[in-house]
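Oh and the sequence shown: position 26 is 26 in full-length UniProt numbering, straight run, nothing missing. Built from N, CA and C at the ideal position, the CB exists for glycine as well. To keep things clear, I will list the structure first and then write my remarks on it.
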Amino acid sequence: MIRKAAIASALVAIFTMPAVAATEYWVAKDAATKKCEVVSKKPDGTKLTDAGNKTYTSKANAEKALKELAACK
Numbered sequence: 001m002i003r004k005a006a007i008a009s010a011l012v013a014i015f016t017m018p019a020v021a022a023t024e025y026w027v028a029k030d031a032a033t034k035k036c037e038v039v040s041k042k043p044d045g046t047k048l049t050d051a052g053n054k055t056y057t058s059k060a061n062a063e064k065a066l067k068e069l070a071a072c073k
């Protein structure tokens, strides 16, 4: 019984970890408008460039960085 519970717990952990780890945010600057925004996909370097050169684990942290970055003022 303990073995089944351990296996079930391991499977749940394995399948939920990618969903948790996939939440990253970047501060990106639009090449055309020169305005910054928070995005959930890594900027491609052509239409959007990475303004902060850093990833953020929460949207709130990324929005705070957006207000403080010199490239976005």
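Taken in chain order, the complete beta strand (DSSP E) segments of 3 residues or longer contained in the region 38-72 are 48-50.
Taken through DSSP and simplified to helix, strand or coil, K4 comes out as helix. CA-CA distance, K42 to S9, rounds to 32 Å. Counting the other Cβ atoms within 10 Å of the Cβ of A51 gives 16 or more, which makes it buried.
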